[in-house]
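Data block below; observations after.
Residue numbers (this note's numbering), protein chains in the order written: chain R, 1 to 664; chain A, 1001 to 1343; chain D, 2001 to 2199.
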């Protein structure tokens, strides 16, 4: 801005940020704590915008959804353990597998990664919060309400029942008259809002909220993974939200998008769904791969091999991921030429994944591995990742996919991908960052037990599913006859799934025990290289007492690595304590270019989330007046939210200037 | 009413050995898993895929073993370090990525070519199809219409397809309600049956036998019980079957009690050619007795099963469109006597 | 490098134009909205390419009023731009005028579009084309209404004297959204009004 130079005399509009240090207990540090702390009690609970609180809420909520989805899976495994079981009715089974899919894919996989990223991004990037702290809170509240919304009809026996990909016309009004599908459709549109605002927040945070010197080539791989996922979500989520909205219009307003009798096309649904669905698959694994790329090197005592290659492969995967949605639709009767193209692309997509695998193995090979629990989870993850990737190669081969598609082989593949590439890194990640989150170490003995029980249970449970698929077992059947030859594999799978569940149980016991009795953690118990370990455990409310200056990719290993001339400055940095403040930096080089005013805690995100969720309830129940009222309430909340504030210097301060001087 | 458990205890289509109506030479070993396409594919529409599967599995298992060994070796080999606090140099190890990715890319390239060649082989038959039929998916059964230039030789049947061995057969696929998928894995890959669209799939059996098929797109509560059978026969046997099927029911003029009950209670949905029963919502029963299975593949076609199916359909296949009929003992025996005449 | 970086330069404080978070945020929001409209138009073209129905059902659309309406919407975009320029030059009176004009033009657009809707012989339930036409133009209408609320708020804030030549990020951000709403209309307009003339 050219005008900036002319306003040097107004410190509320332009100033030189003070550089200094603020050790724990100093007056500056106490002042910072007061500035950033939330109000005590329920007021702070509802109004907080602290990314650490929100991140933890994401983690806990998503983990609860994981447990709910897991229990649903176990009930299904009881039904399938033996042929001709009658534990569940076919309708109960449909609702269970649909809710299992919705829960795991939409309410667990991405939200848990958002939890990690919300908590860790500012700590890793050297920031005091996300770019839009209030938006962050909104994203969480809507996620929570959408989850409750999607589950609300389950106790009434009216849960979504057409599978998580919900093909029309089975999901249309003619074949599915109850509220089941409306709940799914509206719930997904609501959840889409949460995902989108979350994604916007991550993208802008990456562009603006990094410590000086944290240039784009120095951010941790988790940041690359989440950024890639967020960019993908920005472009992909509208597709599924639109698909569900059109379905809802078809069902409730009498439109004809999917109505065969009036020229609608069932395949339109499949296109819209999978154009979203495939990028989404990468959105829920790339950040988890980022967790491994960042945490594994800590236990190998050396930096990740091929940082740039891994970062680039992350983005390449996503880019290709937008061009392979047809491989979910090979059986729909498309021309062979189109299938060849999409099949070949789907094979190519395994190349960037290969880059990551070789980078991890090389890191272990060249390092000096320390066999702590997190290392076990990450090394185990590499094995599962390879199996999931290789079975993915089989399903990308078009003729083979025409056999494998919609059989248990696909179920096996997707569980290796989603559990192997998401759950294992997530659990490993919790072991890794638990000391940072809570200031206590997790128990190593229980940790190793939990890994081995989970790893063995997982392979015992899911590997036989490949065999079931090759033996021709279709997915989504509620029972099977004894003469089909699937009895043994199913029994083994059921046993394995319970062993796996036992592993999760040990992990949970470990968490509870360690929360109470864990060994107190130092600020950097693993001797890790990244910035989040530079602060006390758990982190203070303001994250960084001074905004550090970063000179390398591994700020805490600089004395042992030769990464260039500079040394990061962690104790001396920008003080920024004139209200809640943070430095804004340029997108690529992270050169400071603005002092950002961060918002105070606010109730508006909670109420905006609540009103929008209630608006969707109104739509579901056809309460028109109520819905209109809620839309007005939402607009009002937004208006309050957006009202330009002096405290944030969003509008002109009170001091009046002589126009002539100001204008030069 | 007894619990549904007892309902299930009577004869779910089991014991394939009991199905002696058609010789099953090729199927003997498949009693273990009648849909096991990975080891037992028959015919040019599925054999190339089976071979592709074997080669891919072999390559991938080898790759998996190599990578696992590398990983295990990486973890377990002795790691030297003079200074325990020292860290390796960041720029080391790129060779791993170059070599690993380079080799994988070459292998993938070869696999992609093999895949495309196979796709080309199974996409279309080399000869013109000897026979064309339309299969329409219904909740939860299959309507089969045989085409012929001679209208008198066109006929409709359900859930059981007969084909002449060694000849390509074109199957046009439609759906009457929701999306289903036609899959007879030992003969070909699956193809969705999409309402408003006619898809195609060709099959060819080069060995005589009975090949099981199954719907593979979730289509509602009884998706699990939507099976069909493809019976591949010698040309002459197939012709005999075809001739028999194209005739109207032999009982057409013989009005008896059983037929009356059928016309009153069943004809709204079921058709029997040659009678006034012309319902179109359920399987055509003109030659019911000739079929090996009933209830969408759930039960073997014995008189007992038939009676159980008529009276307890909702216990055997909850949610099916077939109601559990409430009939007196006398009505049941009359109806069953009538049905037994539908050869 | 921390050493080579100038760390003791004076920096602007708070939301300043392109350096404000909101400017970046609205750009990403527009990216996701653009995809939404892309998927909507994909839906249109996918269904139109396979339809056996008379398309559009009423024959070729009459271009006059929709054409005028398009110009009205584009003009309002120019007004918002002019308003921003005036704020930059501290011409507050003019900026209020331009913003009010933009708002009035936006309302005209809505009114004309509503009358276009009422002239149709079908509604969204009559046939597939109707479903597409009313859903897609309806989506756009919704965006226009949201945009008008934003313009209204901006007008109010300008009138309350919240902004001057140094602080007007809200106007830039709200203006970007309005430009998006106008540009995307060109695609909707082309799809429903111009393309039918080409086939």
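Positions of the beta carbon are idealized from the N, C-alpha and C atoms, including for glycine.
Since the model is a prediction, treat every value here as computed from it, not as a measurement.
Quick check on residue i: buried or exposed, where buried means 16 or more other Cβ atoms within 10 Å of its Cβ?
i, result
"residue 1036 of chain A", "buried"
"residue 414 of chain R", "buried"
"residue 2157 of chain D", "buried"
"residue 405 of chain R", "buried"
"residue 1049 of chain A", "buried"
"residue 1149 of chain A", "exposed"
"residue 532 of chain R", "buried"
"residue 1276 of chain A", "exposed"
"residue 1284 of chain A", "buried"
"residue 1256 of chain A", "exposed"
"residue 337 of chain R", "exposed"
"residue 1120 of chain A", "exposed"
Since residue i and residue j should fall inside the 8 Å C-beta cutoff, what is the C-beta to C-beta distance between them, to a whole number of angstroms?
i, j, result
"residue 2164 of chain D", "residue 2090 of chain D", "6 Å"
"residue 411 of chain R", "residue 465 of chain R", "5 Å"
"residue 665 of chain R", "residue 327 of chain R", "What the structure shows of chain R is the stretch from 1 to 664, and residue 665 of chain R is not part of that stretch, so it cannot be assessed."
"residue 304 of chain R", "residue 363 of chain R", "5 Å"
"residue 1192 of chain A", "residue 1217 of chain A", "6 Å"
"residue 240 of chain R", "residue 124 of chain R", "The Cβ separation is near 30 Å, so there is no contact."
"residue 99 of chain R", "residue 159 of chain R", "5 Å"
Can you name, in chain order, every residue of its own chain whose Cβ lies under 7 Å from the Cβ of residue i, other than the five neighbours on each side?
i, result
"residue 2074 of chain D", "2182"
"residue 2180 of chain D", "2030 and 2033"
"residue 644 of chain R", "650 and 651"
"residue 2187 of chain D", "2037 and 2041"
"residue 1301 of chain A", "1291, 1292, 1293 and 1294"
"residue 248 of chain R", "182, 185 and 186"
"residue 488 of chain R", "none"
"residue 286 of chain R", "225, 228, 229, 314, 317 and 318"
"residue 1021 of chain A", "Bear in mind that a pLDDT of 41 at residue 1021 of chain A, under 50, signals an unreliable position, so the model cannot answer this."
Between which two residues does the alpha helix (DSSP H) holding residue i run?
i, result
"residue 574 of chain R", "First-last for residue 574 of chain R: 569 to 574, but that is the beta strand (DSSP E), not the alpha helix (DSSP H)."
"residue 2137 of chain D", "2128 to 2159"
"residue 2054 of chain D", "Where residue 2054 of chain D is concerned, there is no enclosing alpha helix (DSSP H), given that its DSSP letter is neither H nor E."
"residue 51 of chain R", "51 to 80"
"residue 348 of chain R", "336 to 348"
Counting only the same chain and skipping the five closest in sequence on each side, list residues whose C-beta sits under 6 Å from that of residue i.
i, result
"residue 398 of chain R", "330, 339 and 343"
"residue 999 of chain A", "It is not possible to answer for residue 999 of chain A, since the shown part of chain A is limited to 1001 through 1343."
"residue 2069 of chain D", "2109 and 2112"
"residue 1195 of chain A", "1175"
"residue 1219 of chain A", "1178 and 1180"
"residue 557 of chain R", "529"
"residue 1024 of chain A", "With a pLDDT of 42 at residue 1024 of chain A, under the threshold of 50, the modelled position of this residue cannot be trusted; read the value that follows with caution. Around residue 1024 of chain A: 1209 and 1210."
"residue 264 of chain R", "256, 257 and 258"
Starting from residue i, trace the beta strand (DSSP E) in both directions and tell me its first and last residue.
i, result
"residue 167 of chain R", "That residue, residue 167 of chain R, is in no beta strand (DSSP E); it is neither H nor E in DSSP."
"residue 2084 of chain D", "Per DSSP, residue 2084 of chain D belongs to no beta strand (DSSP E); it is in the alpha helix (DSSP H), 2064 to 2088."
"residue 1163 of chain A", "1160 to 1164"
"residue 2103 of chain D", "Looking at the DSSP string, residue 2103 of chain D is not in any beta strand (DSSP E); the run it does join, the alpha helix (DSSP H), is 2092 to 2119."
"residue 548 of chain R", "547 to 549"
"residue 285 of chain R", "Run containing residue 285 of chain R: none; DSSP gives neither H nor E here."
"residue 585 of chain R", "581 to 585"
"residue 592 of chain R", "592 to 597"
Within a Cβ cutoff of 8 Å, which residues of the same chain sit near residue i, ignoring the five residues on either side of it in sequence?
i, result
"residue 1234 of chain A", "1164, 1165 and 1208"
"residue 640 of chain R", "604"
"residue 1154 of chain A", "1145, 1146, 1147, 1148 and 1246"
Return yes when the C-beta of residue i is under 6 Å from any heavy atom of the ligand ZN, and no when it is not.
i, result
"residue 1034 of chain A", "For the ligand ZN, the structure offers nothing, since it holds no ligand at all."
(message) If we require 4 or more residues per run, which alpha helix (DSSP H) segments fall completely within the stretch 1198 to 1246 of chain A?
(response) 1235 to 1246
(request) Write down every uninterrupted run of the alpha helix (DSSP H) in the stretch 391 to 471 of chain R whose length is 4 residues or greater and which is fully enclosed by it, in chain order. (result) 398 to 404, 408 to 415, 424 to 438 and 444 to 470
(request) Within the stretch 1247 to 1319 of chain A, note down every full beta strand (DSSP E) run reaching 3 residues or more, in order along the chain. (result) none
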